[in-house]
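Peer 1:
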Amino acid sequence: MKVFILDDILLMMKYIHENDPAIKFRLEVFLYPCLYAIVFHRIAHLLYVLNVPIIPRLISQVSRFLTGIEIHPGAQIGQCLFIDHGMGVVIGQTAIIGDYCLLYQGVTLGGTGNEVGKRHPTLGNNVVVGSGAKVLGNIQLGDNVKVGAGSVVLKSIPADCTVVGVPAKIVKQKQDNQSVGKDIYDNQRLRHERIPDLMEIMSKQIQTMMRQLETMGVDMHQTRECSVISDDNQLAK
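Numbering (this note's numbering), first residue to last: 2 to 238.
#1: For residue 162, which three-state DSSP category applies?
#2: Would the beta-carbon of residue 98 fall within 7 Å of that of residue 124?
#3: Using 8 Å as the threshold, is the region 53 to 66 in touch with the region 109 to 123, meaning 3 or more CB pairs across them?
#4: If you run the structure through DSSP and keep just helix, strand and coil, what is residue 10?
#5: Do you know how far the Cα of residue 142 is from the Cα of residue 148?
#6: Quick one: Cα of residue 136 to Cα of residue 12, how far?
#7: Report the option in 40, 31 and 74 whose CA atom is closest to the CA atom of residue 52.
#8: I'd like to know whether the C-beta atoms of residue 47 and residue 56 end up nearer to each other than 7 Å.
#9: In the DSSP assignment, what residue or residues form a beta bridge with residue 80?
#10: Leaving out five residues before and five after residue 31 in sequence, what residues of the same chain have Cβ atoms less than 6 Å from its Cβ?
#11: Whose C-alpha, out of 34, 15 and 160, is nearest the C-alpha of residue 27?
#12: Does DSSP put residue 181 in a helix, in a strand, or in coil?
#13: Tell me, please, which residues DSSP counts as bridged to residue 109.
#14: Give the straight-line distance between the Cα atoms of residue 109 and residue 54, rounded to the nearest whole angstrom.
#15: Are there 16 or more other CB atoms within 10 angstroms of the CB of residue 218, so buried, or fewer, so exposed?
#16: Which term fits residue 2, buried or exposed, when burial requires 16 or more other beta carbons within 10 angstroms of its beta carbon?
#17: Of the residues 130, 117 and 100, which one's Cα is nearest the Cα of residue 91?
Rendered as structure tokens:
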């Protein structure tokens, strides 16, 4: 986890230039807020580890004001963290982030209470967390995990999985001797339009079960009417 600031800046510049289609000129990387947020954090974290009072938090707050990205000085961040757009990203005190991770705007790596000790998530290498997603508590996301936009992750996720939903559920998982979901990945980024729709899958499963019950002689029309009447009675109480 030991990272030199200059090496990290050069790696980030190279990564941004090669992977962000919005960039046209190499010098544009200096306009990316994540570059400055990470530099501020490296300095603040060093002082934090040395038990320097006040100054690390002050640097963190200045960085938040200038970039819109809030990283607690205690967070441990590996090489080449790319925070795309960045506004509204929050990374908690005991969070640990591996190498070559990608976070989008509005992501929170937060806690679930006021407990003392490790209370924020640990991300492995090459993890992608989509816009607005929340990863909460002392949980672990394995290497190559992808979190869909707007998801809320409350439990640990094994490596090579894609999760979506509230709470997040696994929709893609690597099998032995198989690559993981090449159809929904594009260079490390997550192709949200190709993620399986959990509601659609659930609807099809329910319809299949209803047809199976009907073949067994169960009158599903009458069952639905009884269910509606029962719900109305509950509301009337």
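Ideal placement from N, C-alpha and C gives every residue a C-beta, glycine not left out.
Peer 2: The short version:
#1: strand
#2: yes
#3: no
#4: helix
#5: 9 Å
#6: 26 Å
#7: 74
#8: no
#9: Partner(s): none; residue 80 has no beta bridge.
#10: none
#11: 15
#12: Residue confidence is low: residue 181 scores 41 on pLDDT, short of 50, so the model does not pin down where it sits. Its coordinate-derived value is still stated next. Coil at residue 181, not helix or strand.
#13: 91 and 135
#14: 25 Å
#15: exposed
#16: The predicted model places residue 2 with a pLDDT of 47, which falls under 50 and marks its position as unreliable, so this point remains unresolved.
#17: 130
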